[in-house]
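**Q** Residue numbers (my numbering), protein chains in the order written: chain S, 444 to 944; chain L, 444 to 944.
The C-beta atom is built at its ideal place from N, Cα and C for all residues, glycine as well.
Number of protein chains: 2
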Amino acid sequence: MSKTAVTGSLIDLQIDPNSALPKYQQIAGHLRGAIEAGRIPAGIKLPSTRIFAEELGVSRNVILQAFDRLIDEGLLSSRIGDGTYVLALVLGKPDLVAVESKTLTASEHYPFRSLSRRGKSLVASATDAFPERPTAFMPDLPDLREFPIKTWLRLLNETSGRLRGEILADTSNAGYEPLRRSIAHHLNISRGMTCTSDQVIITTGSQQSLDLVSRMLFDPGDPIWLEEPGYVGARSIFSANGASLCPIAVDEQGLCIEEALARHPSPRLIFTSSSRHYPLGATLSLRRRSVLIELASRCGAWIVEDDYDHEFRYVGHTPTSIHGLDGGQRTIHLGTFSKILLPSFRLGYVVVPPDLAEPFAKARAVVDRHASLIEQMVLSEFMHRGLLVAHIRRMRNLYRARQVRLIGGLRDIFDNGLRLSATDTGMHVIIPLDQSADDQAIAKKAMEHGVVLRPLSPYYAGRQKRQGLLLGFSAYNLEEIEQGLTRLSRLKMTIDPMLAI
Amino acid sequence: MSKTAVTGSLIDLQIDPNSALPKYQQIAGHLRGAIEAGRIPAGIKLPSTRIFAEELGVSRNVILQAFDRLIDEGLLSSRIGDGTYVLALVLGKPDLVAVESKTLTASEHYPFRSLSRRGKSLVASATDAFPERPTAFMPDLPDLREFPIKTWLRLLNETSGRLRGEILADTSNAGYEPLRRSIAHHLNISRGMTCTSDQVIITTGSQQSLDLVSRMLFDPGDPIWLEEPGYVGARSIFSANGASLCPIAVDEQGLCIEEALARHPSPRLIFTSSSRHYPLGATLSLRRRSVLIELASRCGAWIVEDDYDHEFRYVGHTPTSIHGLDGGQRTIHLGTFSKILLPSFRLGYVVVPPDLAEPFAKARAVVDRHASLIEQMVLSEFMHRGLLVAHIRRMRNLYRARQVRLIGGLRDIFDNGLRLSATDTGMHVIIPLDQSADDQAIAKKAMEHGVVLRPLSPYYAGRQKRQGLLLGFSAYNLEEIEQGLTRLSRLKMTIDPMLAI
Chain S
444 MSKTAVTGSL
454 IDLQIDPNSA
464 LPKYQQIAGH
474 LRGAIEAGRI
484 PAGIKLPSTR
494 IFAEELGVSR
504 NVILQAFDRL
514 IDEGLLSSRI
524 GDGTYVLALV
534 LGKPDLVAVE
544 SKTLTASEHY
554 PFRSLSRRGK
564 SLVASATDAF
574 PERPTAFMPD
584 LPDLREFPIK
594 TWLRLLNETS
604 GRLRGEILAD
614 TSNAGYEPLR
624 RSIAHHLNIS
634 RGMTCTSDQV
644 IITTGSQQSL
654 DLVSRMLFDP
664 GDPIWLEEPG
674 YVGARSIFSA
684 NGASLCPIAV
694 DEQGLCIEEA
704 LARHPSPRLI
714 FTSSSRHYPL
724 GATLSLRRRS
734 VLIELASRCG
744 AWIVEDDYDH
754 EFRYVGHTPT
764 SIHGLDGGQR
774 TIHLGTFSKI
784 LLPSFRLGYV
794 VVPPDLAEPF
804 AKARAVVDRH
814 ASLIEQMVLS
824 EFMHRGLLVA
834 HIRRMRNLYR
844 ARQVRLIGGL
854 RDIFDNGLRL
864 SATDTGMHVI
874 IPLDQSADDQ
884 AIAKKAMEHG
894 VVLRPLSPYY
904 AGRQKRQGLL
914 LGFSAYNLEE
924 IEQGLTRLSR
934 LKMTIDPMLA
944 I
Chain L
444 MSKTAVTGSL
454 IDLQIDPNSA
464 LPKYQQIAGH
474 LRGAIEAGRI
484 PAGIKLPSTR
494 IFAEELGVSR
504 NVILQAFDRL
514 IDEGLLSSRI
524 GDGTYVLALV
534 LGKPDLVAVE
544 SKTLTASEHY
554 PFRSLSRRGK
564 SLVASATDAF
574 PERPTAFMPD
584 LPDLREFPIK
594 TWLRLLNETS
604 GRLRGEILAD
614 TSNAGYEPLR
624 RSIAHHLNIS
634 RGMTCTSDQV
644 IITTGSQQSL
654 DLVSRMLFDP
664 GDPIWLEEPG
674 YVGARSIFSA
684 NGASLCPIAV
694 DEQGLCIEEA
704 LARHPSPRLI
714 FTSSSRHYPL
724 GATLSLRRRS
734 VLIELASRCG
744 AWIVEDDYDH
754 EFRYVGHTPT
764 SIHGLDGGQR
774 TIHLGTFSKI
784 LLPSFRLGYV
794 VVPPDLAEPF
804 AKARAVVDRH
814 ASLIEQMVLS
824 EFMHRGLLVA
834 HIRRMRNLYR
844 ARQVRLIGGL
854 RDIFDNGLRL
864 SATDTGMHVI
874 IPLDQSADDQ
884 AIAKKAMEHG
894 VVLRPLSPYY
904 AGRQKRQGLL
914 LGFSAYNLEE
924 IEQGLTRLSR
934 LKMTIDPMLA
944 I
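#1: Could you run through the region 558 to 590 of chain L and flag, in chain order, every residue whose CB is less than 7 Å away from some CB of chain S?
#2: According to DSSP, which residues form a beta bridge with Ser864(L)?
#3: Is it right to say Glu818(S) is buried, meaning 16 or more other beta carbons lie within 10 angstroms of its own, or is it exposed?
#4: Counting pairs of beta carbons, one from the region 856 to 874 of chain S and one from the region 757 to 768 of chain S, are three or more of them closer than 8 Å?
#5: May I ask you to list, following chain order, the residues of the region 610 to 635 of chain S that have a beta carbon less than 7 Å from some beta carbon of chain L?
#6: Assuming Ala683(L) and Leu565(L) are in contact, meaning their beta carbons sit under 8 Å apart, how far apart are those beta carbons, in whole angstroms?
#7: Does Gln508(S) have its Cβ less than 8 Å from a Cβ in chain L?
#8: For chain S, find out if any of its Cβ atoms is closer than 8 Å to the Cβ of Ala918(L); answer yes or no.
#9: Taking His473(L) as the reference, give the member of Val656(S), Thr647(S), Gly635(S) and Val895(S) with the closest Cα.
#10: Closest to Leu660(L) by CA distance: which of Arg561(L), Asp641(L) and Gly685(L) is it?
#11: Using DSSP with H/G/I as helix, E/B as strand and the rest coil, what is Met941(L)?
#12: How big is the Cα-Cα spacing for Ser900(S) and Ala572(S)?
#13: Measure the C-alpha to C-alpha separation of Asn461(L) and Gln468(L) and round it to an integer number of angstroms.
#14: Around the Cβ of Leu896(L), are there at least 16 other Cβ atoms within 10 angstroms (buried) or fewer (exposed)?
#15: Below 8 Å on the Cβ atoms is my contact criterion, and I expect Leu830(S) with Thr594(S) to pass it. Report the Cβ-Cβ distance as a whole number of Å.
#16: Would Asn388(S) count as contacting chain L if we go by Cβ distances under 8 Å?
#17: With a threshold of 8 Å, are at least 3 pairs of Cβ atoms found where one atom belongs to the region 760 to 779 of chain S and the other to the region 607 to 619 of chain S?
#18: With distances taken from CA atoms, which of Arg711(S), Ala480(S) and Tyr902(S) is nearest Ala692(S)?
#19: Please list the partners that Ile850(S) has in chain L, where partner means a Cβ-to-Cβ separation under 9 Å.
#20: Would you please state the rounded distance, in angstroms, between the beta carbons of Val794(S) and Leu630(S)? I believe it to be under 8 Å.
#21: Nearest by alpha-carbon distance to Ser568(L): which of Ala904(L), Ala725(L), Arg933(L) and Lys908(L) is it?
#22: Nearest CA to the CA of Phe510(S): which residue from Leu863(S), Leu698(S), Ile470(S) and Arg607(S)?
#23: Using 8 Å for Cβ pairs, my map puts Val656(S) next to Ile775(S). What's the rounded Cβ distance?
#24: Does DSSP put Ala692(S) in a helix, in a strand, or in coil?
#25: Which class does Arg741(L) belong to by DSSP, given the choice of helix, strand or coil?
#26: Going along chain L in order, which residues have a C-beta closer than 8 Å to the C-beta of Asp530(S)?
#27: Thinking just about the alpha-carbon of each residue, which of Ile856(L), Tyr919(L), Ser652(L) and Ala480(L) is nearest to the one in Ala804(L)?
#28: One question on the structure: do Tyr919(L) and Gly911(L) come within less than 8 Å of each other, judged by their Cβ atoms?
#29: What residue range is occupied by the uninterrupted alpha helix (DSSP H) comprising Glu479(S)?
#30: Taking C-alpha atoms, which residue in Gln457(S), Thr937(S), Thr637(S) and Ile506(S) lies nearest to Lys888(S)?
#31: When the distance is taken between beta carbons, is Ser559(L) closer than 8 Å to Gly791(L)?
#32: Where in the region 651 to 711 of chain S do unbroken runs of the alpha helix (DSSP H), each at least 4 residues long, occur, reported from the N-terminal end onward?
#33: Assign Gly743(L) to buried or exposed, taking buried as 16 or more other Cβ atoms, counted over all protein chains shown, within 10 Å of its Cβ.
#34: Residues of chain L with CB under 9 Å from Lys466(S), in chain order?
#35: Pull up the DSSP beta-bridge partners for Lys488(L), would you.
#36: I need the straight-line Cα distance from Ser716(L) to Asp752(L), nearest angstrom please.
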């Protein structure tokens, strides 16, 4: 049976010139089959008869006849001046779309069918998100409404005109060179570093940075120091990559290094959210930074410094980054723009020691080519014009005012007994609870009252968990903070007896 | 020694209130140190004295005094009405910035210092790009000038107003739900598939899709069938993830399955660019698709179908996708928007069997959270309004005209002896050369004549390589193709005797 091919059609449909069936009937038959099989779902607008006719190389009349046939059959509906739509299947025919969707999502039938061993471990390392809504006081969100979208669109408009094949060709695996220069410059000024743009590798964010670091710097089974409690995303990706995790306690000075050394003497890699421990808020002291560098050099370990949140400091001073202090010899420095611009944009960076720049850039290209070039170009321009620093300064003032309002409101509700922590920096404060409290139960109850209080205990991997509540303030204006406080005040009787003394 | 903290400063600088030195001298000293150490490079504009003063909590006069001191020392320069700039270091002081940059990029000093075993293998799997410029006839590029940037910016403008915390919170690890629906719908109509949006996982592009597939579906040492010649990016990432690669020959019908089975009987995973083999252009026949599905089911292998380039078909018809034919049971279907929209945008997708949807979504979040949400929202809107299909149709017509012009021009230059291949589909054609030719030497010579001819032989992993030249046409308008042909015609004497007969 010879077939006339439909040249380059976007519609998966063939007409047989030798068939006894007229063309319109063939077309109607194909469409009927596709609709009944659910390949063309109900509600979809079909291409116009003109385009259909061009695609199939037939006259427009043939398409009209085919459509009419299907309209008669109740499968299509034509709206004058609008177009032809696929109707829902009715009367005796099963609703295939719905049935199919139900069958297909029934993942319990073949759980983990033939995944690789590492695939299973990857999936097992995933942690469920807290079931919360983005209302006060859900933490970790910047205020999306404050993002300077008009400026960004203007820069995007200007920049897109400059996007040429040359730029694509010239952009190295490590990222867009002017952006890497801007980042190096920003870090050298604000974080006391002395890196060159060569050392900066652009990623899609901290999570990809951590994945790259994991694959490049340790092998399955290697011991990794990880803060306890700590950033769940880091724990997941290290664990997915086969790390042997050593939980390290954190106090007011940050990572407890002496204690760690006694229990886990030879780490391959040390992870620290040094500027502001996540979630407790401690800043790694200058003295401990020096000890850490000395230690890393002695035992040949890598330091991975997640410089999370250093932009939002309200009290005190952030010490020079570890990367700056050790001259970038054994330190991998991570940063992200998600928290200062928009979580929706996916741009972050890794600053590596000079001799690792080329291997990291190559590896980055193997696993994911490069980050969105146009976003890199716009961000580069944004930084070059000083807009990033201005934006950070503006947000810091805004967040500080919000934090002040939140703390004031909490003191009004809970009287003088309230001891808050994590107030020097960042985007949330913590209400520490007595160890007899159940922070998850309180969070659940709060949710029922329309207010988000995130429990502290899930940040601990081990059995010894501290109880507490995280309250984010960055994403909410003063009015929303007031509303949140009003809702929270209804839980006073629940929380008051549980406050840590 | 007690210190007054600099509250939330973006400038890494501290003032000691107990110091005998006046504040302006302390500030000047800090800045001098930073400039001399290269942390603040020459040419940089400093923040205004007003902002500096606010940041440090001192009077503006103190900052003016500090700046004046450094201007006197020749470290800063003040431009009236503009601001204060850092001058290049001169006279007796080493140019630290330059020296540092030289030292730091000297990666030969510690090659591969302490990389992990898998990190070394990751780096070793990277392949060097062809040293070409984006002029005719460099392949693999869409025409960036034809991207509907005005429409895209308009949609971005509209969409960004809708970006709220709710959307971030509601977007699953697998991606933005309306985009996943649009993609499922597009594939069901155009590729004969019957997938639901649940099965669609948004990635940053094919390379990340392949990395995810590798980690999820095979373990180090597992045998993987790979087309020979084939897509270098696939070979890199499979190899980086420890695959035992089995090169499989390709003929006019695509993958030579019988031959492969005889030599490598039990693959764990089979990779095929089925719609259009890259780079040879063959389409996997319908019969072989069935054989492959039967085989995969029998030996428990996964099929990874990279549906690269199926949009640009000029002759004949692309068979229904393997995923469509086997009901998506053992097939992972990959697609990307890089080649139809802009390589700069980083959005692609994986369609997985229903029971793998949840594990893949979880794993995707562990390794890289999610793709840029705002780009997902805009693309979703672009597809929903039928603009993607319209764009593909327009580009296909444009590319077809360009291909016709290129082929016509080549026939004019090389007379009737010329046999071209890969002409049915895609973004390049191939001039097959005699086995005695050296395609890399010809490509090099062509580069000297200002025309890009990409050699075919580097696409082969094994020792048996076919010689040929790839000529891309998609990124060049008719005038540029003419220019390329003129340059190419000067190489007639070099290429003519080498044409395959």
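**A** The answer reads as follows:
#1: Those residues of the region 558 to 590 of chain L that come within reach of chain S (Cβ to Cβ, closer than 7 Å) are Leu558, Ser559, Arg560, Arg561, Gly562, Leu565, Val566, Ser568, Ala569, Arg576, Pro577, Leu584 and Leu587.
#2: Taking the first residue of the second sequence as 1, we reach residue 864(L) at position 421. Note: Ser864(L) sits in a beta bridge opposite Ile873(L).
#3: Counting from one through the first sequence, the residue named residue 818(S) turns up at place 375. Its Cβ being crowded by 16 or more others within 10 Å, Glu818(S) is buried.
#4: A contact exists between the region 856 to 874 of chain S and the region 757 to 768 of chain S.
#5: When C-beta distances to chain L are compared with 7 Å, the residues of the region 610 to 635 of chain S below that value are Leu611, Ala612, His628, Asn631, Ile632, Ser633, Arg634 and Gly635, in chain order.
#6: Counted from its first residue, the second sequence places residue 683(L) at position 240. Counted from its first residue, the second sequence places residue 565(L) at position 122. Confirmed, Cβ separation roughly 5 Å.
#7: What you label residue 508(S) is simply residue 65 of the first sequence in a count that begins at 1. So, not an interface residue.
#8: If you number the second sequence from 1, residue 918(L) lands on position 475. With 8 Å as the cut-off, Ala918(L) counts as an interface residue toward chain S.
#9: Here the question's residue 473(L) lines up with position 30 in the second sequence. With distances taken between Cα atoms, His473(L) lies closest to Gly635(S).
#10: Along the second sequence, one-based indexing puts residue 660(L) at 217. Of the candidates Arg561(L), Asp641(L) and Gly685(L), the one whose C-alpha sits nearest the C-alpha of Leu660(L) is Gly685(L).
#11: For the purposes of this step, residue 941(L) is identified with residue 498 of the second sequence, where counting begins at 1. Helix, per DSSP.
#12: Taking the first sequence and counting its residues from 1, the one referred to as residue 900(S) is at position 457. Taking the first sequence and counting its residues from 1, the one referred to as residue 572(S) is at position 129. One Cα belongs to Ser900(S), the other to Ala572(S), and the distance between them is close to 14 Å.
#13: Position 18 of the second sequence holds residue 461(L). Position 25 of the second sequence holds residue 468(L). Distance from the CA atom of Asn461(L) to the CA atom of Gln468(L), rounded to whole angstroms, is 13 Å.
#14: As a working mapping, residue 896(L) is identified with position 453 in the second sequence. Leu896(L) counts as buried, since at least 16 other C-beta atoms from the protein chains shown sit within 10 angstroms of its C-beta.
#15: Reading the first sequence from its first residue, position 387 is the one you call residue 830(S). Reading the first sequence from its first residue, position 151 is the one you call residue 594(S). Right, their Cβ atoms sit about 7 Å apart.
#16: Because chain S in this structure spans residues 444 to 944, residue 388(S) falls outside the shown range and cannot be described.
#17: The region 760 to 779 of chain S makes no contact with the region 607 to 619 of chain S; the number of CB pairs closer than 8 Å stays below 3.
#18: Residue numbering aside, residue 692(S) sits at position 249 when the first sequence is read from its first letter. Ala692(S) has its Cα closest to that of Tyr902(S), out of Arg711(S), Ala480(S) and Tyr902(S).
#19: On the first sequence, residue 850(S) is found 407 positions in, with the first residue counted as 1. Result: empty, since nearest Cβ-Cβ is about 16 Å, beyond 9 Å.
#20: For the purposes of this step, residue 794(S) is taken as residue 351 along the first sequence, with counting starting at 1. For the purposes of this step, residue 630(S) is taken as residue 187 along the first sequence, with counting starting at 1. Leu630(S) and Val794(S) do touch by the CB rule: their CB atoms are close to 7 Å apart, below 8 Å.
#21: Residue numbering aside, residue 568(L) sits at position 125 when the second sequence is read from its first letter. Comparing C-alpha distances from Ser568(L) to each of Ala904(L), Ala725(L), Arg933(L) and Lys908(L) shows the shortest one belongs to Ala904(L).
#22: Position 67 of the first sequence holds residue 510(S). For Phe510(S), the closest C-alpha among the options Leu863(S), Leu698(S), Ile470(S) and Arg607(S) is that of Ile470(S).
#23: Here the question's residue 656(S) lines up with position 213 in the first sequence. Here the question's residue 775(S) lines up with position 332 in the first sequence. Their Cβ separation, rounded to whole angstroms, is 6 Å, which keeps Val656(S) and Ile775(S) in contact under 8 Å.
#24: Stepping through the first sequence from its first residue, residue 692(S) is reached at position 249. Looking at Ala692(S) - three-state DSSP - the assignment turns out to be strand.
#25: In the second sequence, counting from the first residue as 1, residue 741(L) sits at position 298. Reduced to three states, the DSSP call for Arg741(L) is helix.
#26: To locate residue 530(S), count along the first sequence from 1; it is residue 87. The sequence given here has Leu at residue 530(S), not Asp. Simply none; closest approach about 16 Å.
#27: The residue given as residue 804(L) occupies position 361 in the second sequence. The shortest C-alpha separation from Ala804(L) is found at Ser652(L).
#28: Mapped onto the second sequence, residue 919(L) falls at position 476. Mapped onto the second sequence, residue 911(L) falls at position 468. Contact: no.
#29: As a working note, residue 479(S) is residue 36 in the first sequence. That run of the alpha helix (DSSP H) goes Lys466 to Glu479.
#30: In the first sequence, counting from the first residue as 1, residue 888(S) sits at position 445. Minimum Cα distance to Lys888(S) is reached at Thr937(S).
#31: Stepping through the second sequence from its first residue, residue 791(L) is reached at position 348. Stepping through the second sequence from its first residue, residue 559(L) is reached at position 116. Contact flag unset, no.
#32: For the region 651 to 711 of chain S, the full-length alpha helix (DSSP H) segments reaching 4 residues or more read 675 to 683 and 700 to 706 along the chain.
#33: On the second sequence, position 300 is the one that residue 743(L) refers to. Classification for Gly743(L): exposed.
#34: To locate residue 466(S), count along the first sequence from 1; it is residue 23. Within chain L, no residue comes near Lys466(S); the closest Cβ sits about 16 Å away, beyond 9 Å.
#35: Residue 488(L) sits at position 45 when you count from the first residue of the second sequence. DSSP, once it has assigned bridges, lists Tyr528(L) as partnering Lys488(L).
#36: The residue given as residue 716(L) occupies position 273 in the second sequence. The residue given as residue 752(L) occupies position 309 in the second sequence. So the alpha carbons of these two residues sit roughly 9 Å apart.
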